[in-house]
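Okay, so here's the structure we're looking at.
Residue numbers (our numbering): 4 to 731.
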């Protein structure tokens, strides 16, 4: 009686090796991005740049695995183990020091920084999944090696979840890096054991010589592989852009789309395939229901819609990856197949992270990728007779054209209803168009046309009109929209879904403070009391509203990381700076880095207002950052921090940071009886001495309150997590 099955034990070993490698691979992604936050901030483009680097390194890893797979297993093992051991010289992982980028070159500099920091170990880990599957297939009695890819993506998914929920909250960055390095060494040992199990596989004969004949891969099949891999990859990044712009920029939201993208491989690359078949059949339905919202400007700010977008990403990825799995070649071409899949993923990432921000002034790439997905997913008609009908000749083509024409008329009426906000009519027209789309499932081009018309009617035409009017601009840091609002009385700047300032168009009110900066706000109260010879620094320009508080004799300096934002104040779009503080300096660059490079004690008041579209640049709210602010302030200087946020309660963290620095603080909530043009705001003012604050409060015409209880731990560059501060 055989107690232990060697074949099952060997399979378990390879599952463990593949799972461990993928766990480390996708644990390092958010870890490196977190290490880079103090230098890069939390803009969505940062994560997309990181993801592009990871995809290119993944492509390099698969190319390496494919290149060495032509050698004997013995030689492959020596090469791979040797390179793995050599790469440990780059551990523990620390951010490489390279010169800062010139303004506007962040799109290339950030990928270079990530590649230099983590390139060697990431490339070798990226090769693990396909290389280990190849080694596994070399053993006698081995089953389908493609099934091990599910273990790879489960390990990746586990690594992504482990970072925000375990590693980031519990470890400093130094501890994270050392723990990861230890795991990497353990993995090398496991790879050595795996190599030993097939060391003498088939007497060490070249694996490519003993496999079955190589199946020719035609150009059309190759292009289809690329497309089926590129669309989900691009969708993952475009969904990340929507989430991190409209909700918040944090590792948890970065990894959610990536996690579901990886999980789709585990579902799709399965011999059982029940869930893959179910989701593939159902995919056109959520594509119509949710994808139809893809061109609404700011539509993803609703958490329910954001969740639906992530669910759509998962369903489409399963459907597309399921079709990819169905088209897989024999095991002897496994490494070539994964190389093409990685190339497709890199193409999708390049389009979303590099090409789209240059071509488009809005996130149009998301809608384009959804339409590409509609053309590629398997389509199974809801009713069998419809499937037979759509396969017939000219009659089915004429019927499809007629239905698309009807959908075009409905889309035109839907756009008109959206413009005037007729809710019941919008719902009726959307339902009618979805019904037409469901009927067309199986007629691929016509289904895609109806989906495109639904997108255009349901907010898409309004979005295109803003672009055509030149009201939008896009930079590495986000999408900006300038619109006339309040019945034509104000002009406002919106980033993502957050209004970042407005200005009255009436000449008599043009210098009047608006939005979060009214005279009743914390910033308004403090700046109104500033002495005539005060030196004022403002981190975060926005539309320049605070400039209207400048008094004759004061010296003002604005710090702005995005040149595009500065252009709005320089070209006359908003005139606060040019008319109220024409001599003010506008310094382009990261405020923390610029303050650290500048002279000490240069400001009497320093305003920190740097949170873009509710995204949190965590590197500007750490003890090290507050140390930089303290250095830049005079001894009796005041630090003002804008903490208004829909999703994160920042006040307890600022309270903890003030305690850690030995400062004193007060808070001003401007939420009631607001004047026209003002928005609710929360500001915190800090000073080194209690007497300075007492003097401020006694001279203030409006009440201040004590700071809320401090967070349990003040953030540092080495240790920070947003999860405890999320509003519930």
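Don't be surprised by glycine CBs; every beta carbon is placed ideally from N, CA and C.
Environment of residue i [buried if 16+ CB atoms lie within 10 Å]
i	result
residue 313	buried
residue 491	exposed
residue 7	Any reading at residue 7 must be qualified, since the residue scores a pLDDT of 40, below 50, and its modelled position is unreliable; no value is offered.
residue 576	exposed
residue 169	exposed
residue 724	buried
residue 183	buried
residue 676	exposed
residue 590	buried
residue 448	exposed
residue 221	exposed
residue 446	buried
residue 114	buried
residue 335	buried
residue 206	Reliability of the predicted coordinates at residue 206 is poor, the pLDDT of 41 falling under 50, and the value obtained from them is presented with this limitation in mind. Exposed, since its Cβ has fewer than 16 Cβ neighbours within 10 Å.
residue 403	buried
Through-space distance from residue j to residue i, alpha-carbon basis
i	j	result
residue 58	residue 290	26 Å
residue 284	residue 369	22 Å
residue 190	residue 159	15 Å
residue 361	residue 477	8 Å
residue 380	residue 508	50 Å
residue 223	residue 320	21 Å
residue 22	residue 139	14 Å
residue 426	residue 416	13 Å
residue 20	residue 166	20 Å
residue 529	residue 467	41 Å
residue 414	residue 393	23 Å
residue 61	residue 329	22 Å
residue 514	residue 551	6 Å
residue 726	residue 332	44 Å
residue 399	residue 406	11 Å
residue 538	residue 37	34 Å
Bridge-paired residues (DSSP) for residue i
i	result
residue 483	476, 498
residue 576	The partner list for residue 576 (beta bridge, DSSP) is empty, contrary to what the question assumes.
residue 641	608, 690
residue 589	561
residue 668	689
residue 719	722
residue 518	681
residue 673	684
residue 270	In the DSSP output, where bridge partners are listed per residue, residue 270 has none listed.
residue 708	670
residue 506	494
residue 540	560, 609
residue 488	493
residue 729	651
residue 457	Its beta-bridge partners do not exist; DSSP assigns none.
residue 636	606
Cβ-based neighbour list, residue i, same chain, cut-off 8 Å, excluding 5 preceding and 5 following
i	result
residue 729	650, 651, 652
residue 454	290, 291, 294, 295, 373, 374, 377, 440
residue 588	559, 560, 561
residue 655	711, 712, 713, 714, 728
residue 132	21, 24, 25, 151, 152, 155, 341
residue 657	624, 644, 646, 668, 687, 689, 710
Residues near residue i in its chain [Cβ-Cβ closer than 7 Å; skip 5 each side]
i	result
residue 475	364, 365, 469, 482, 483, 484
residue 86	127
residue 121	31, 35, 96
residue 495	486, 488, 502, 504, 505
residue 69	338, 339, 342
Own chain residues within Cβ distance below 6 Å of residue i, not counting five before or after
i	result
residue 428	420
residue 637	604, 607
residue 347	229, 232, 233
residue 717	626, 659, 660, 663
residue 681	521
residue 598	631, 635
residue 99	119, 120
residue 612	543, 645
residue 459	414
residue 201	76, 138, 141, 142
residue 457	295, 436
Handout entry: Touching by the beta-carbon criterion (3+ pairs, under 8 Å), the stretch 350-360 and the stretch 54-68
Key = With the cut-off at 8 Å, the stretch 350-360 and the stretch 54-68 touch.
Problem - Segment contact flag, the stretch 665-674 with the stretch 707-716, C-beta cutoff 8 Å, min 3 pairs - result: Result yes; three or more Cβ-Cβ pairs closer than 8 Å.
Practice task
Specify whether the stretch 256-268 and the stretch 320-330 touch according to this definition: at least 3 beta carbon pairs, one from each stretch, less than 8 Å apart.
Solution key: The answer is yes - the stretch 320-330 touches the stretch 256-268, with three or more Cβ pairs under 8 Å.
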